Every structure is written in structure tokens, then in C-alpha cells.
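Student: Which chain is which? The protein sequence lines are Y and X, in order. For the first sequence, my numbering assigns the number 1 to the initial residue and increments by one for each residue that follows. For the second sequence, my numbering assigns the number 436 to the initial residue and increments by one for each residue that follows. All residues carry an ideal CB built from backbone N, CA and C; glycine is no exception. These figures come from a predicted structure and were not determined experimentally. Sharing a structure here in C-alpha cells format.
There are 2 protein chains.
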Amino acid sequence: MTATAEHSTPTGASARGAGPATASAAGTSAGPAPLAEFLGTVLRGLRALPPLDLELASAYGNVLAEDVATKAPLPAFDHAALDGYAARYEDLVASPGRPVRLRVVGDLGAASWRPVRLTPGTCFCVAAGAPLPATADVVVPATDTDQGMAAVEIHHAPKKGYGIRRAGQQLPEDAVLARAGSVVTPAMVAAFAASGIGRVVVRPSPRVAVLSTGDELVEAGRISQPGQVVDVNSYALTAAAAEAGAQAYRVGICDDDPEALRGLLADQTLRADAIVTTGGTGTGPGDMVRRVLTRRSVVFTELSVYPCATLGFGTLGGEEVPVICLPGDPGAALVGFEILARPVIQVLAGAEPVFRPSARAHLLETVNSPAGLREFRPAAVAERRGGGYTVQPLPGGPYTLSGLAACNGLMVLGERVTTAAAGSTVDVLLLDRKR
Amino acid sequence: MTATAEHSTPTGASARGAGPATASAAGTSAGPAPLAEFLGTVLRGLRALPPLDLELASAYGNVLAEDVATKAPLPAFDHAALDGYAARYEDLVASPGRPVRLRVVGDLGAASWRPVRLTPGTCFCVAAGAPLPATADVVVPATDTDQGMAAVEIHHAPKKGYGIRRAGQQLPEDAVLARAGSVVTPAMVAAFAASGIGRVVVRPSPRVAVLSTGDELVEAGRISQPGQVVDVNSYALTAAAAEAGAQAYRVGICDDDPEALRGLLADQTLRADAIVTTGGTGTGPGDMVRRVLTRRSVVFTELSVYPCATLGFGTLGGEEVPVICLPGDPGAALVGFEILARPVIQVLAGAEPVFRPSARAHLLETVNSPAGLREFRPAAVAERRGGGYTVQPLPGGPYTLSGLAACNGLMVLGERVTTAAAGSTVDVLLLDRKR
């Protein structure tokens, strides 16, 4: 699959090495850590899930764990490309200026298997896909003939080789059709089948468990009121994990009870490849998730990022299942998911690239952004018919849920940006691309 | 969801009305029919599947059957946007120039439900999400205070209203959050949950059965040889149907046996919302699908389209299940799927827009195209950092399977185009966009 957008990383991170930032290592400095270093550290510590072997019928949408190469030349044998008459070119040009008449010695379909050979002055009536008779070197389209049954008159002789697909003409044996890390597309499935491949080695979709924490939370379908706030995040982040390619399931709501959280996490480390929690990542007395998990191996890092200043990451259990802790505010949780959880899922899935595609876009309206923080600001991106993108801040504020529901991109406003003026060019992450 | 690319229809068709073409109605004229009319006729005759009611947890990825509106104002009640101290603004500015000290009369978390009220000179310590005490009109961030427990000193007074989210500030009750026809995104799930919505009315994913026909066909995993050709199409088109949002299943191979085909189709009309066949659409003696289905209500139309000159469409059974007949050549079948089957699936799914997004792109290499035919030519599209697209013809030929596997767009070269020069601008359908 050819990339359609540049996969620079306006998150400021590189999955493979240190980002452009210069400050101290994530989680150890006094000030907030730059996202680049934090993310680099997290992602470098992860491995893709072990591969599995799938039948071709189940391959679509999975990430290839290894390069896939042809098992036979493509096409595998010489055949007719179209319906017509397989002939010897020299018979067609033997008597220039006079109509060519050939004896039709048989019909060949795609199911024909008996080797046949043309003798001078004869031809076979062939269907598209039929194996080519030996010594035939042209297929005359039926429409250029009188379509005779016993004998055929050729109105117009095509070029030598016309209407023929030769064995190996498209690809030799052992040619790479698709690279490890790419997602299997319908056309790849076609190319795999055609070149003898019946099974592919892929990474499984990571199983991602999503849970939200908070005594105030209630299930969706009710209207929030003081003390009873609808659990928005576990629904939305389960969807976000599915969108990222995970096999996502909603564990649901966990009260602010350390024992209950420990139990839930112990259960989930047995069945999940990654766990996403939301809520309780602050430093206040109500921030139970942080208190419980910092006693395990989870590190909560203050980042120079807006709107998710704190993100937690670590691994749990003997299997070292990655745990990602996102803030409780739904806007911050969704942005935090994009920044941290989605790349983690991509690495587990063995997918390349790890980051969303990005583009440069013409900003339609001046926006302000907090100093010292890299802001990921939901916005509406549009393509212009003449080429290029525009980006429009959302009416009603970027971090409102209605704004998020309408957005299809995240503007990335760097640490030093306090104002981005209308007419200037900004980076945007494109949320509606497959890769 | 804001559109990210223009949804013009370089297929030449409009789902709602006649296309720009001028020739005679599809299937009835002597010459090949323009795609626009054929597609217009097909799509106008279809209805979206009956809707169903889903729990929010299952809503992601489905197409909304009706507009979704808030069931409560968003937010539903006044609350603190951040951790800090909820206060009366007039207390903060009562004595300009002197440090402000307030008595902390209690702690409020997101789970607090008891209505409380501020008296002059007091404040509540609040967590983000906590309901706002009556008469409080500002939340001072904890970081702008000495973070006292019994009393707190305010270092810096924010503006009146800071740190507060008022009920209805984002959206009033009964405001539209998402339109019918759009696909539910993670952020929509968040907005739905937050505004009291626990169920949504969506269209089911169309169940699409895919079968290939031909005596020569064998299952994938073998190498094609004369008389035994691997069934590429039913694997690839099942994947393509899944990509189009269908619940796709591979029926598999049907021999060129009219009775077997009739039986298979009768079975599938009971369980599928649409059926895709490939192979046998020509007019030769081996073209069994065409012979069998033209006796039913399926019409085979010769189109001024390259590379799929013949497409079949009709409905079968009492339920009038749409049947789409694609050519047997894998390249033509995949392009035919894009042209006809994908829009049909989108209409059944109730999705808008029906067509792939398209863009104008700078052609990097001169290509030739057959006169009188609208060509859909697989190509590699790339975005340029400066904005706009380039499109590169595929090495080794556009309709090779290896070429298709590498493509991410279809160049659309109109009926009058015989040469498109390097440097000119052409339309491309973008195959790697979600909508």
C-alpha cells in the first residue's frame, strides 16, 4: 500500500528513536516531560504480539507479520486475455492485402487442460483465461472476425503477442507482493490467491480491555445529575480501540475501590493484550487509580501536552500487559487515547506506520494555544478541489463533546505557539484515514 | 462528520438524479451505455435496509438511520472543569492588592450529590467534575493557591466564570449531534452517552454473499495450471464487501452448472441482502451466469467503461434481493465492484455519501486510455507536503494483480480522453479513505 499522506509524527515522537525535544527523560524531571521522549520510551519498550497463521479467507484487515512473496510466477501459465481466436501471427500476415481465413480446429475454455498445438493455417476459438495452444502467439478479438465456427475470417490482424498473457509476465516466483506491517487489502487478497498463497502469517488484533473508574459513574442511557455522571469514556474508548484495529471490549465501570480495581486488573491481565483505564489520574485524594497503580509498575508522567497533562503507562502481571491510564475528562481522554493508546495498539499489532497520517493545512481562523504546551486541538479538516487542506476550529470550543463529535482532525500547535493566525499553515493529524 | 474530500462522483453518476451523460437509457440502446445512467437507474431502484435499535455499546461503526439529538442539555448540570476551589468572584476582588484568604467549608468530588451553597468568605475544595455549589461563580485552579485544607490563600484571581462548565453551555436539549447516514465514530459515542442517549437507531450491515463461477476454479492455496485456475475473485470480493461495510461471506465456487447456480441463488436470497457473482458475464457459450440470470430479472448491460465492459444487475426472490454480476477477470471484477457493488452496499446500508471521495491529482507520467470508454485505472496516489496530490501509474501495468495490490486510487479517464499527459490534472477516486 502506498502512503497517501506523509507519516511525519506531529506528536513530536518517533517510534524508533528520540524525538526532537531536548529536555530530560520522561517521568524523571522536575518540569513536564516533552511528549516525544515519553512516547519514544513507551513504544521502544513494546513488542508486537506473536504471529498466527490464517487461511486467506480470514486474512483481510489483518497486519502482515512477514513479507508475502509469490509462490509461482504470475500468471502461472500462458493464457488468452480475451475472447477470440488463438492463432499463429505468421498466418495472419502471410498474404498482405488479402482476407485471412483460418480453420477453427477446436474450442478452448478456461477449464480446458489438454495440451494442444496449432498447425499452420489453423486456430482455436478461445475464451478469456483459456490456456494458450503451443505455437500460438496472438489472440484475435472475436469482434475483429466474422466469428465463424468451422472457419473464421480475420478482418483485422492485431500486433504479434496481442491478447496473450505470458507466464511470469506480471511477476516472477518469489517476488514480494506485500510487506510486513501492512494491512491486508482486498486487492492483496486477490494477488495472494492468484500467486499460490493460501495462508498468511499475521499479527492478531490486540485484545484491549477498557474500564472507567469513579464512584459517580452510571451506565449510558441516563441523564447525568450531581453525583451520577454517565460513564462516557468506557463506551467511547472501546469504540476508539476498535477503530485502531483492536478487538476491544468494555469492562465497564469500576468504583473508586482499590480492592475492586486490583481484582479487575488481575482478571484482565489474563485475557487482554492491553488495558485502558480512565479517571483517577490526578494527584488529589479522589485519584484512586494513580494511588493504586503507582504501587505497581505504572508511572504517571506530567507532560507538556494540552489537554491531557497526565498519562500513565506501565505493565502488569507476568505477561507484562501494557496498561494505559487516561484522564477522566472525556475530551482529554479521547485526545490521550490518540496520543498514547493508539500508537501502543499499533505497535502490538505490528502495524506500520504507528502514527496517524498528517498534513499541513491552511488555518481559516485565528486560534490561541497555551504557552509551553503542545496542544492537540480537535478541528474540521477539508480538502480543497485545487489541492491542499483547510482547517477550521470548531464552533462552541474544541474540547466540547459536540465539537469532538464533529471533528475529523487534530491540529497540532507546538509548545512555542501561543497564537496561530488565520491564513497560517499548521500541522493536522487526519483522523479519518485508514492508515 | 465533516467531509475531508469532495464527494463529486467521477464515476459520472449521481445517486439522486441523472448524470451528466446524454446518451440513451441503460441497457436499451444499441451502443454501450454511459455509466452515469446505468448507475443512476440501479441506485434509484434500491431502498436502505430496515433500521434496528442498538445499545450504545454496539453502535460504533454503524450507519445512523435517523438524526441523533441530545436528550438533555450538555453538560447536564453546572460543574467544576478542573481541580481547585469553587468561590464567589466578589470575594476574590473585594480587597484589591491584598492576598485573598477564604475558609474551606468542605470537599466536593464528582460523586457529591448533596446541594450546597457558598456563603461570603468561604469556598469549597472541588475536584474536576464536581457539581458547583450554588452562588459559586469561579473555580480557582489549585495551582494558583497555597492548596490549604481548612483555609486557602489565593495567589491569583482568575476571571469571573473561570473553571466552570454551565449546564447547556455546549448544547441545549434536542440539538442534533449527528445526522442520519453518517457512520458512528468514537467521539459521537462519547457525545451520545454524555447527552443521555443509551440506544441508537442504525441500519444493519448488509449481508453480502459472494460466489464465483467456473468449472476451472479451485480453492486458494494451489498454483493455477491449465484447466485449474485458483478462485481469486470470491476471496478478494468478500474482502472488498467487508471493506465497504458489509457483513460479507464467501459462498465459494459454483461450477458452470445452471441447476447448481439456481439452487445456490435460491438459498442465498433467503439469507443475504445482496449477492455478488463473478464470471460468466460474457456472451460466449461458456457464459453460464448470463444465460441463467437473463431468464430471471437480471439485465446485463454493455457499458462504455474500461476494464469492465459488462455488468449485470437485477433482483431475485420475493424479497427482491439485489444481484450484482461482475466479470471473471480479477482486475475487471475488482474495478466492477468499486463501480457498482460498493455503491449498492452503501445505499442498502443507508450511508451517505454513496461514492468514494475523490480528488484532483497531478499526473506524474503520461498514460493512454481507450477512446469512447471511461477508464478506471488503478494508480498510486500520494499527498504532497505543500498540499495537493500526485498520481503515479503503476509499473508493470495497471490491471495486473500485483499492480492492484499496490494501488490506493483509481484514476478516472473520461470517454473522450485518449492521452493524459504528464503534468496534467486528473480525477482520482481515493480508495483508502473511510468515507
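Identify the contact partners of X:Gly496 in chain Y, using a Cβ-Cβ distance below 9 Å as the criterion.
Tutor: Within the second sequence, numbered from 1, the residue matching residue 496 of chain X stands at position 61. Ala239, Ala242 and Glu243, listed in chain order.
Student: Could you work out which residues of chain Y lie near X:Arg657, taking near to mean beta carbons separated by less than 9 Å?
Tutor: On the second sequence, position 222 is the one that residue 657 of chain X refers to. Result: Gly196 and Gly198.
Student: What is the residue span of the alpha helix (DSSP H) that X:Tyr597 lies within?
Tutor: By one-based count along the second sequence, residue 597 of chain X stands at place 162. Run containing X:Tyr597: none; DSSP gives neither H nor E here.
Student: Along the beta strand (DSSP E) that carries X:Ala817, what are the first and last residues, could you check?
Tutor: Translated into the one-based positions of the second sequence, residue 817 of chain X becomes position 382. From DSSP, the beta strand (DSSP E) with X:Ala817 extends over Arg809 to Glu818.
Student: Would DSSP call Y:Val417 helix, strand or coil?
Tutor: To locate residue 417 of chain Y, count along the first sequence from 1; it is residue 417. Residue state, collapsed to three classes: coil.
Student: Since Y:Ala191 meets chain X, which of its residues come closer than 7 Å, beta carbon to beta carbon?
Tutor: Here residue 191 of chain Y refers to the residue found at position 191 of the first sequence. What Y:Ala191 touches in chain X: Leu836, Ser837, Leu839 and Ala840.
Student: If I measure Cβ to Cβ from Y:Gly31 and keep anything under 6 Å in the same chain, skipping five residues before and after, which residues do I get?
Tutor: Residue numbering aside, residue 31 of chain Y sits at position 31 when the first sequence is read from its first letter. Excluding sequence neighbours, Y:Gly31 sits near nothing in its chain.
Student: Less than 8 Å between the beta carbons of X:Leu761 and X:Phe772, yes or no?
Tutor: Translated into positions along the second sequence, residue 761 of chain X becomes position 326. Translated into positions along the second sequence, residue 772 of chain X becomes position 337. Contact flag set, yes.
Student: In the DSSP output, which residue or residues are listed as bridge partners for Y:Asp427?
Tutor: Position 427 of the first sequence, counting from 1, holds the residue named residue 427 of chain Y. BP columns for Y:Asp427 point to Y:Arg360 and Y:Val412.
Student: Alpha carbon to alpha carbon, how far is Y:Asp53 from X:Ala504?
Tutor: As a working mapping, residue 53 of chain Y is identified with position 53 in the first sequence. As a working mapping, residue 504 of chain X is identified with position 69 in the second sequence. Each residue's Cα considered, the two are about 45 Å apart.
Student: DSSP three-state label for X:Val724, please.
Tutor: The count along the second sequence starts at 1 and reaches residue 724 of chain X at position 289. Correct three-state label for X:Val724: helix.
Student: Kindly say whether X:Gln582, judged by its beta-carbon, lies nearer than 8 Å to any beta-carbon of chain Y.
Tutor: By one-based count along the second sequence, residue 582 of chain X stands at place 147. Cβ-Cβ to chain Y under 8 Å: no for X:Gln582.
Student: Closer than 8 Å, CB to CB, is Y:Val506 near chain X or not?
Tutor: Look at the range of chain Y in this structure, 1 to 435, and you will see that residue 506 of chain Y is not part of it.
Student: Beta-carbon within less than 6 Å of Y:Ala18's beta-carbon, same chain only, minus the 5 sequence neighbours each way: which residues are those?
Tutor: Here residue 18 of chain Y refers to the residue found at position 18 when the first sequence is read from its first residue. Only weak support is given to the placement of Y:Ala18: the predicted model assigns it a pLDDT of 33, under 50, and the value that follows is read from those uncertain coordinates. Gly40, listed in sequence order.
Student: Taking Cβ positions only, does Y:Tyr235 come closer than 8 Å to chain X?
Tutor: Residue numbering aside, residue 235 of chain Y sits at position 235 when the first sequence is read from its first letter. With 8 Å as the cut-off, Y:Tyr235 counts as an interface residue toward chain X.
Student: Who pairs with X:Phe559 in a beta bridge, going by DSSP?
Tutor: Against the second sequence, residue 559 of chain X aligns to sequence position 124. Answer is X:Ala521 and X:Gly541.
Student: Is the Cβ of Y:Phe77 closer than 8 Å to any Cβ of chain X?
Tutor: Walking along the first sequence from the start, residue 77 of chain Y turns up at place 77. Yes, Y:Phe77 counts as interfacial toward chain X.
Student: Please list, in chain order, all residues of the same chain as Y:Leu394 whose beta carbon is under 7 Å from its beta carbon, the five residues on each side excluded.
Tutor: As a working note, residue 394 of chain Y is residue 394 in the first sequence. Closer than 7 Å at Cβ, skipping near neighbours: Pro378, Ala379, Ala380, Gly403, Ala406 and Cys407.
Student: Give me the residue from Y:Tyr249, Y:His362 and Y:Glu153 with the minimum Cα distance to Y:Met411.
Tutor: In the first sequence, residue 411 of chain Y corresponds to position 411, counting from 1. The residue with the shortest Cα to Cα distance from Y:Met411 is Y:His362.
Student: What residues match up with X:Arg638 in a beta bridge as DSSP calls it?
Tutor: Residue 638 of chain X sits at position 203 when you count from the first residue of the second sequence. Per DSSP, X:Val498.
Student: Check whether chain Y comes within 8 Å of X:Met723, counting only Cβ atoms and requiring the distance to be less than that.
Tutor: Within the second sequence, numbered from 1, the residue matching residue 723 of chain X stands at position 288. So, not an interface residue.
Student: What residues in the segment 605-619 of chain X have a beta carbon less than 8 Å from any beta carbon of chain Y?
Tutor: Going along the segment 605-619 of chain X in chain order, one finds Gln605, Leu606, Ala610, Leu612, Ala613 and Val619 with a Cβ nearer than 8 Å to chain Y.
Student: Whose C-alpha, out of X:Thr835, X:Thr736 and X:Ala577, is nearest the C-alpha of X:Ala468?
Tutor: The residue given as residue 468 of chain X occupies position 33 in the second sequence. It is X:Thr736.
Student: Answer yes or no: does any C-beta atom of chain X fall closer than 8 Å to that of Y:Glu216?
Tutor: Looking up residue 216 of chain Y in the first sequence gives position 216. For Y:Glu216, the answer is yes, since a Cβ of chain X falls inside 8 Å of its Cβ.
Student: Tell me, which residues are paired with Y:Arg271 by DSSP?
Tutor: Counted from its first residue, the first sequence places residue 271 of chain Y at position 271. DSSP lists no partner for Y:Arg271.
Student: Quick check on Y:Ala23 - is its C-beta less than 8 Å from some C-beta in chain X?
Tutor: One-based indexing of the first sequence puts residue 23 of chain Y at position 23. Bear in mind that the predicted position of Y:Ala23 carries a pLDDT of just 33, short of 50, making it too unreliable to give a figure here.
Student: Does the distance from the C-beta atom of Y:Val292 to that of Y:Gly279 stay below 8 Å?
Tutor: Against the first sequence, residue 292 of chain Y aligns to sequence position 292. Against the first sequence, residue 279 of chain Y aligns to sequence position 279. Not a contact, by the Cβ cut-off of 8 Å.
Student: Which of the three DSSP states is assigned to X:Arg697 in this structure?
Tutor: Against the second sequence, residue 697 of chain X aligns to sequence position 262. The answer is helix: DSSP assigns X:Arg697 an H, G or I state.
Student: Does the beta-carbon of Y:Leu429 have 16 or more other beta-carbons within 10 angstroms, so that it is buried, or is it exposed?
Tutor: By 1-based counting over the first sequence, the position of residue 429 of chain Y is 429. Answer is buried; the Cβ neighbour count reaches 16.
Student: As a quick exercise: from Y:Val93, Y:Ser369, Y:Asp107 and Y:Thr310, pick the residue whose alpha carbon is nearest that of Y:Asp83.
Tutor: Here residue 83 of chain Y refers to the residue found at position 83 of the first sequence. Nearest option by C-alpha distance: Y:Asp107.
Student: Could you tell me which chain Y residues have their CB closer than 7 Å to the CB of X:Tyr824, listed as they occur along the chain?
Tutor: As a working note, residue 824 of chain X is residue 389 in the second sequence. By Cβ distance, chain Y contributes Gly387.
Student: Give the range of the alpha helix (DSSP H) segment to which Y:Ala242 is assigned.
Tutor: Taking the first sequence and counting its residues from 1, one reaches residue 242 of chain Y at position 242. Per DSSP, Y:Ala242 belongs to the alpha helix (DSSP H) from Asn233 to Glu243.
Student: Using 8 Å as the Cβ pair cut-off and three pairs as the minimum, do the segment 698-708 of chain X and the segment 658-671 of chain X touch?
Tutor: Contact between the segment 698-708 of chain X and the segment 658-671 of chain X is absent, because fewer than three Cβ pairs lie under 8 Å.
Student: Would you mind working out which of Y:Val391, Y:Lys71, Y:Thr390 and Y:Val321 sits nearest Y:Arg207, comparing C-alpha positions?
Tutor: Reading the first sequence from its first residue, position 207 is the one you call residue 207 of chain Y. Of Y:Val391, Y:Lys71, Y:Thr390 and Y:Val321, the residue nearest in Cα terms is Y:Val321.
Student: If you draw a straight line from the C-alpha of X:Arg479 to the C-alpha of Y:Pro258, how long is it?
Tutor: If you number the second sequence from 1, residue 479 of chain X lands on position 44. If you number the first sequence from 1, residue 258 of chain Y lands on position 258. C-alpha separation (whole angstroms): 58 Å.
Student: So, is the C-beta of Y:Leu52 closer than 8 Å to a C-beta in chain X?
Tutor: What you label residue 52 of chain Y is simply residue 52 of the first sequence in a count that begins at 1. With 8 Å as the cut-off, Y:Leu52 does not count as an interface residue toward chain X.
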